[in-house]
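Chemist: Its first residue numbered 17, the sequence shown is counted upward by one per residue in the numbering used here. We treat Cβ as the ideally placed atom computed from N, Cα and C, and that holds for glycine. In this text the structure is predicted, and so the values were computed from the model without any measurement.
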Amino acid sequence: MAWAVVLVSVLVEPAPAGAGEAVPPRVPVSADATPSIEAETPLSARLVLLQVASPAMERQVPVKVLLPADNSRPRGTFYLLDGNSGRVDDNNWLGPGKGDAQSFFADKNINVVFPIGGTGTMYTDWQQDHPKFGRVKWETFLTKELPPLIDARFQTNGRNAIGGISMGAEAAVMLAERTPNLYDAVAGYSGCYTTSGDLGEAFTNLVVINGNADPRQMWGPVGGADWRSHDVFAGAPQLRGTSVYLASGSGLPGPHETADTPDLPRVVAVGGLLEFGSDLCTDQLTARLQAEGVNVTRSATTLGVHDWPYWRDELTRSWPTLEPALR
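1. Which residue marks the beginning of the alpha helix (DSSP H) containing SER70, and which one marks its end?
2. For a test of the three-state rule: what should DSSP assign to ARG80, helix, strand or coil?
3. Using alpha carbons as the reference points, say which of VAL45, ASP145, LEU305 and ALA177 lies closest to GLU54.
4. Are there three or more Cβ pairs, one per stretch, closer than 8 Å when the segment 333-340 is compared with the segment 282-297?
5. What are the partner residues of ALA47, as DSSP defines its beta bridges?
6. Between which two residues does the beta strand (DSSP E) containing LEU97 stretch?
7. Does the segment 201-208 come within contact of the segment 166-173, defined as at least 3 CB pairs closer than 8 Å?
8. Measure the alpha-carbon distance for ASN173 versus LEU65 and round it to whole angstroms.
9. Can you list, in chain order, the residues of its chain with a C-beta nearer than 6 Å to that of GLY184? Leave out the 5 residues immediately preceding and following it.
10. Return yes when the Cβ of SER266 is within less than 9 Å of the Cβ of GLY320, no when it is not.
11. In this structure, how does DSSP classify VAL8 when only helix, strand and coil are distinguished?
12. Write down the C-beta distance between MET73 and GLN143 rounded to the nearest angstrom, noting that I regard them as a contact closer than 8 Å.
13. I need the DSSP call for PHE130, collapsed to helix, strand or coil.
14. Between VAL68 and VAL77, how many whole angstroms is the CB-CB distance? I'm expecting something under 8 Å.
15. Tell me the rounded alpha-carbon separation between SER294 and TYR209.
16. Quick one: grab the DSSP three-state call for THR140.
17. Give the C-beta separation of ALA159 and LEU191 to the nearest angstrom, bearing in mind that I take them to be a contact with Cβ-Cβ under 8 Å.
18. Any idea which residues DSSP pairs ILE53 with across the strands?
19. Helix or strand or just coil, what does DSSP make of LEU262?
20. State whether the segment 128-141 contacts the segment 79-95, with contact taken as three or more CB pairs (one from each stretch) at a distance under 8 Å.
21. Could you tell me the boundaries of the beta strand (DSSP E) in which TYR205 lies?
22. By Cβ distance below 6 Å, which residues in the same chain neighbour ARG333 in space, the five residues on each side in sequence not counted?
23. Can you tell which of LEU342, GLY180 and MET138 has its C-alpha closest to the C-alpha of ASP323?
24. For ALA348, count neighbouring Cβ atoms within 10 angstroms of its own Cβ and tell me buried if that reaches 16, exposed if not.
25. Please classify ALA307 as buried or exposed, where buried requires at least 16 neighbouring CB atoms within 10 angstroms.
26. Can you check which of these residues, ASN87, HIS272 and TYR261, is closest to ALA303 by C-alpha distance?
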């Protein structure tokens with residue numbers, strides 16, 4: 017599959033948005049500390065910014081939480097992960113013209129949690145420190161440290177879902193497999209889900225390299241035990257009993273590409289190739305999940321590139337799968 021390596025070289029955005037940004041100042045946290053919410057700042061009537069003390073990351077981690085209009089009832093929690101082009105100081109799901117999440121969730125009775133700063137990390141636990149971000153233990157933070165704090169602070173009902181775009185899609189499904197009792201549903205929008213073989217290894221390598229790091233710093237030697245243990249294909253049986261939604265487009269330009277689209281040639285060319293590759297990956301994972309008896313809903317559109325307008329569409333389409341799991 018030598019073609020896969022050539023293809024995947026364009027399946028990752030040229031560089032994560034965070035790659036050229038200065039990392040915000042870190043507030044150190046002792047590895048012996050207890051996870052805690054150290055600060056809570058209202059940003060609007062329903063959006064708050066948390067500074068969460070993470071012993072695993074040995075720093076405070078910023079997290080935004082979008083609350084429902086009615087805070088009187090218990091509700092589920094949806095964790096939304098950004099992609100490889102995410103920012104180091106925000107989550108693009110909240111961005112105008114990006115995810116526009118506040119608009120979609122305006123009438124939904126759930127908490128939505130937006131972790132900040134995972135670009136180029138695969139939202140996983142690294143074996144070694146990242147040369148730019150330092151201690152990287154996203155899996156521990158997202159699955160062990162953060163959920164109990166959210167549950168205690170925001171009147172949850174104990175039901176959780178996780179979703180993500182692109183790099184965050186792979187991470188969402190991986191985390192759901194590796195923590196099968198935590199998430200009741202998972203959504204992957206335009207992801208590539210294997211970390212083995214030519215395509216999977218090339219995709220993962222390029223995500224990390226574009227983040228100015230060495231893939232061996234993350235999971236050790238490529239193809240080694242840690243790589244195999246994070247392979248979503250291998251972990252597919254762990255998703256039995258979980259509602260799964262997977263989405264991708266064909267890579268062909270669709271209704272959102274018009275003469276007014278900013279940077280239209282890049283969106284069509286690069287976004288098209290990105291989505292074509294994501295479509296291949298998503299077909300493969302869907303077949304694997306179906307063979308394992310997993311409850312998977314597959315959304316495959318005949319048009320659509322790797323861009324936010326289509327992910328907003330898929331968030332809407334995925335809601336009938338996700339919402340019942342959060343009740």
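Modeler: Put simply:
1. That residue, SER70, is in no alpha helix (DSSP H); its beta strand (DSSP E) goes 63-70.
2. Checking the sequence shown, residue 80 turns out to be Lys, not Arg. In the structure shown, LYS80 sits in a strand (DSSP, three-state: E or B).
3. Relative to the Cα of GLU54, the nearest Cα in the group VAL45, ASP145, LEU305 and ALA177 belongs to VAL45.
4. The segment 333-340 vs the segment 282-297: no contact.
5. Looking at the DSSP output, ALA47 bridges to nothing.
6. Per DSSP, LEU97 belongs to the beta strand (DSSP E) from 91-97.
7. Counting Cβ pairs under 8 Å, fewer than three are found: no touch.
8. Cα to Cα, ASN173 sits roughly 21 Å from LEU65.
9. Excluding positions up to five away in sequence, the list reads LEU97, ASP98 and GLY99.
10. Here GLY320 is near SER266, since their CB atoms are less than 9 Å apart.
11. It is not possible to answer for residue 8, since the shown part of the chain is limited to 17 through 343.
12. Not a contact, Cβ separation roughly 15 Å.
13. Shown here, PHE130 sits in a strand according to DSSP, grouped into three states.
14. Right, their Cβ atoms sit about 5 Å apart.
15. Computed Cα separation, rounded: 9 Å.
16. Under the three-state reduction of DSSP, THR140 is assigned to coil, being neither helix nor strand.
17. Here residue 159 is Thr; the residue named in the question, Ala, does not match the sequence. THR159 to LEU191, Cβ: 6 Å. Contact.
18. According to DSSP, which records beta bridges pairwise, ILE53 is partnered with VAL68.
19. Of the three classes helix, strand and coil, the one that applies to LEU262 here is strand, per DSSP.
20. At 8 Å Cβ cutoff, the stretches touch.
21. According to the DSSP assignment, TYR205 belongs to the beta strand (DSSP E) that extends over 201-205.
22. Excluding sequence neighbours, ARG333 sits near SER315.
23. When LEU342, GLY180 and MET138 are compared, the shortest CA-CA separation from ASP323 is found for GLY180.
24. Residue coverage of the chain in this structure runs from 17 to 343, which leaves residue 348 outside it and unanswerable.
25. Under this definition ALA307 is an exposed residue.
26. Shortest Cα-Cα distance from ALA303 to any of ASN87, HIS272 and TYR261 involves TYR261.
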